[in-house]
Amino acid sequence: MAVSNLNLFWSIQRNNFKSAFASKSDAFMNFFLMLLNNLLFVFMWWALLENRGSINGWTMQHLYLMHGINNFGFGIYAVFFRGCEAIPQYIENGSLENYITSPRNSLFLVLTSESTFANWGDIATGIILFICSGYYTDLQNIFTFLVLTMIVSVIFVAFRLALSTLSFYKNDIDRFGHNIFMSFLIFSSQPASVFGGWYKVIYLTIIPAGFISLFPVEIITDFKWVNLAILLSFTTALSSFAIWFFYRGLKRYSSGNKFGVR
Amino acid sequence: MFNTVSKYFSFAKISFREKSSNLTLIMGMLVILSLLLLTYNQLWVVVGKESNNAINHSFIWYLLLAETIILSAPRVDRIFDEDIRSGNMAYFINKPVSFFFMRFSEAVGEMTSSFITFISFGGVLTLAITHQVPFEWKHLPIILAMCYFSCLINLFLKCACGMSAIWFSSTRYLNMVVDRLGFVFGGAIIPLSIYPEWFVNIAQYTPFYSFYYLSLRLVYEFSWENLLQAITLNIFWSSLLCAFIFAAYRKLGKRTQIYGG
Numbered sequence: 001m002a003v004s005n006l007n008l009f010w011s012i013q014r015n016n017f018k019s020a021f022a023s024k025s026d027a028f029m030n031f032f033l034m035l036l037n038n039l040l041f042v043f044m045w046w047a048l049l050e051n052r053g054s055i056n057g058w059t060m061q062h063l064y065l066m067h068g069i070n071n072f073g074f075g076i077y078a079v080f081f082r083g084c085e086a087i088p089q090y091i092e093n094g095s096l097e098n099y100i101t102s103p104r105n106s107l108f109l110v111l112t113s114e115s116t117f118a119n120w121g122d123i124a125t126g127i128i129l130f131i132c133s134g135y136y137t138d139l140q141n142i143f144t145f146l147v148l149t150m151i152v153s154v155i156f157v158a159f160r161l162a163l164s165t166l167s168f169y170k171n172d173i174d175r176f177g178h179n180i181f182m183s184f185l186i187f188s189s190q191p192a193s194v195f196g197g198w199y200k201v202i203y204l205t206i207i208p209a210g211f212i213s214l215f216p217v218e219i220i221t222d223f224k225w226v227n228l229a230i231l232l233s234f235t236t237a238l239s240s241f242a243i244w245f246f247y248r249g250l251k252r253y254s255s256g257n258k259f260g261v262r
Numbered sequence: 263m264f265n266t267v268s269k270y271f272s273f274a275k276i277s278f279r280e281k282s283s284n285l286t287l288i289m290g291m292l293v294i295l296s297l298l299l300l301t302y303n304q305l306w307v308v309v310g311k312e313s314n315n316a317i318n319h320s321f322i323w324y325l326l327l328a329e330t331i332i333l334s335a336p337r338v339d340r341i342f343d344e345d346i347r348s349g350n351m352a353y354f355i356n357k358p359v360s361f362f363f364m365r366f367s368e369a370v371g372e373m374t375s376s377f378i379t380f381i382s383f384g385g386v387l388t389l390a391i392t393h394q395v396p397f398e399w400k401h402l403p404i405i406l407a408m409c410y411f412s413c414l415i416n417l418f419l420k421c422a423c424g425m426s427a428i429w430f431s432s433t434r435y436l437n438m439v440v441d442r443l444g445f446v447f448g449g450a451i452i453p454l455s456i457y458p459e460w461f462v463n464i465a466q467y468t469p470f471y472s473f474y475y476l477s478l479r480l481v482y483e484f485s486w487e488n489l490l491q492a493i494t495l496n497i498f499w500s501s502l503l504c505a506f507i508f509a510a511y512r513k514l515g516k517r518t519q520i521y522g523g
């Protein structure tokens, strides 16, 4: 079953690549625009830290690492599993049937149904920023970085899936879900050291961006098993909840009468 | 003339009402605005403490106006992009309205609704955070007028991005980069006074410097000279953007082909 899904996954990705490369110049231009977009954002933080030195103990090295992990993780989410963003649209226009009537795992098919080639620019940004952070010289750090980006991408997918699933329960809520996800991205792109007191509570609970920006950086700069355990527990809990919430919502889905071939 | 103006005013009015009635959307946008204000307030508090410099309150007011410009802008670039690419614009060519002015009026209506919401809600929240204002109350109408003018220039920029669909296959990423250039060259999130001097010297030659930094600086550094400089440069950049939009629109009109079906 797992091997079969993996084969399907690669075949979907191959097709996504082929369609993105239907116009090579556009694909590369979008890739570079995305890269430029990310690097401009990091430049903004560089200017601030060049002026102030550090923010509550966080230096530019920490920020390179944070944005590196963040961008790489987001890139994996957007390139391979962006389908979760389209769930409200599938529910609205009845195309969800294409996925749930297939003998394959419906959630897997929905998640991999959308991909954006330009987000390879995020993955490239992640690699560049990891190199800028200076932690790339140690093989153990490279391995930890890769593992952390996988965990972060799972958090992105699970959080977005949970928000998109709200559309099973209430009409016209997709824009709200989108805005909450944007807030999550905004929170996760700030230096974790600025959050204290009630901000930290929000940062780790209601909008749990701390698990994307705080824990991964601490794990690389000052490894503690307890931090890794917290991060893994949270990721497992969030993804289990998102999957349960999706299937519970799916039971409420009423079939439309739209015919289509896939 | 009056009929033409009232026709487009009706488009703006309808989209203003539509936007104002979408409570879920407004709530979502206000959540984002609140988070941004609270997060950056926290950042400036920390930075201010470390450098013993009370920069917090003026920067938060500056940020409120900058975020109002960014968040008020409707996705008119995507609308133009889709209309051009899908051929939807052909439906409007034989109507007694200009396709461009119709879409632009709708965007202005939507933008005005968001502008009022963000300024009123954000103003109360910012006042609650900072407990003080960095400007004199008598200057407030001028500051708000300049902020609205900046919103309009940002809208011109988005229209220009959308019109670029005649050259690019997707304008989505182009628009994203243009927005990001505004963050950096306009000092929309971190004011330009914090950037290195060599960078500010470059930024001065971009439209972002004028419609973000010069206009928004009035909130904490109001003077008639600063106001005149902001108005002059904003008029210059908006004229250039309008010229580009109309040239692109004319080109688009010539390129449009309508097939039966």
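From first to last, the protein sequence lines are chains A and B. For the first sequence, position 18 (counting from the first letter as 1) is numbered 18 according to the numbering used here, and the numbering increases by one without interruption. Numbering-wise, the numbering used here comes out as the position in the second sequence, counting from 1, plus 262. Even glycine gets a Cβ: it sits at the ideal position worked out from N, Cα and C. Owing to the predicted nature of the structure, the values given are computational and were not obtained by experimental measurement.
Asked: DSSP state of B/I452 mapped onto helix, strand, coil; Found: coil
Asked: Assigned exposure category for A/F223 - 16 Cβ within 10 Å defines buried; Found: exposed
Asked: Neighbour flag for B/Y457 against chain A, beta carbons, 8 Å; Found: yes
Asked: Near the ligand COA: A/L65 beta-carbon under 7 Å from a heavy atom; Found: In the structure shown, the ligand COA is absent, as is every other ligand, since no ligand is present at all.
Asked: Limits of the unbroken alpha helix (DSSP H) element including A/D222; Found: Where A/D222 is concerned, there is no enclosing alpha helix (DSSP H), given that its DSSP letter is neither H nor E.
Asked: Any beta strand (DSSP E) of 3 or more consecutive residues that is wholly inside the segment 340-368 of chain B; Found: none
Asked: Neighbour flag for A/M150 against chain B, beta carbons, 8 Å; Found: no
Asked: Proximal residues to A/L96 (C-beta, below 8 Å), its chain only, five neighbours per side dropped; Found: I87, Y90, V110, Y253
Asked: A/R252, enclosing alpha helix (DSSP H) - first and last residue; Found: Per DSSP, A/R252 belongs to no alpha helix (DSSP H) and is neither H nor E.
Asked: Span separating the alpha-carbon of A/L40 from that of A/N171; Found: 37 Å
Asked: DSSP state of A/I206 mapped onto helix, strand, coil; Found: coil
Asked: Where A/I55 sits in the DSSP three-state scheme; Found: strand
Asked: Same chain only: Cβ atoms within 6 Å of B/K420, ignoring 5 sequence neighbours per side; Found: A335, V338, D339
Asked: Contact list for the segment 177-193 of chain A against chain B, Cβ threshold 9 Å; Found: G177, H178, N179, I180, M182, S183, I186, F187, Q190, P191, S193
Asked: Beta-carbon spacing of B/M425, B/I507 below 8 Å; Found: yes
Asked: Euclidean distance between Cα positions of B/G523 and B/R347; Found: Any answer about B/G523 is weak, because its pLDDT of 48 lies below 50 and its placement is not dependable; what the coordinates show is given next. Looking at the two C-alpha atoms, the distance is approximately 17 Å.
Asked: Any C-beta of chain A under 8 Å from that of B/S524; Found: As displayed, chain B neither begins before 263 nor continues past 523, which places residue 524 of chain B out of reach and without an answer.
Asked: First and last residue of the uninterrupted alpha helix (DSSP H) at A/F184; Found: 174-188
Asked: Any chain B beta carbon closer than 8 Å to A/A20; Found: no
Asked: Counted within 10 angstroms of its Cβ, other Cβ atoms place A/K251 as buried (16 or more) or exposed; Found: exposed
Asked: Top-ranked residue by Cα proximity to B/L327, from B/I493, B/Y475, B/T518; Found: B/Y475
Asked: Contacts that A/Y64 makes with chain B (C-beta to C-beta distance below 7 Å); Found: Here the premise fails: no neighbours, minimum Cβ distance about 17 Å.
Asked: Closest by C-alpha distance to B/L414, when choosing among B/L387, B/Y435, B/S376; Found: B/S376
Asked: DSSP three-state assignment for B/P336, whether helix, strand or coil; Found: coil
Asked: Beta carbon of B/F380 nearer than 8 Å to that of B/L325; Found: no
Asked: CB contact below 8 Å: A/N56 versus chain B; Found: yes
Asked: Residue closest to B/P469, alpha-carbon to alpha-carbon, out of B/F498, B/K516, B/M351, B/D343; Found: B/F498
Asked: Cβ shell of A/L263 (< 8 Å), same chain only, five flanking positions each side left out; Found: As shown, chain A starts at 1 and ends at 262. That puts residue 263 of chain A outside it, with no answer to give.
Asked: Collapsed DSSP secondary structure at B/W460 in the structure displayed; Found: helix
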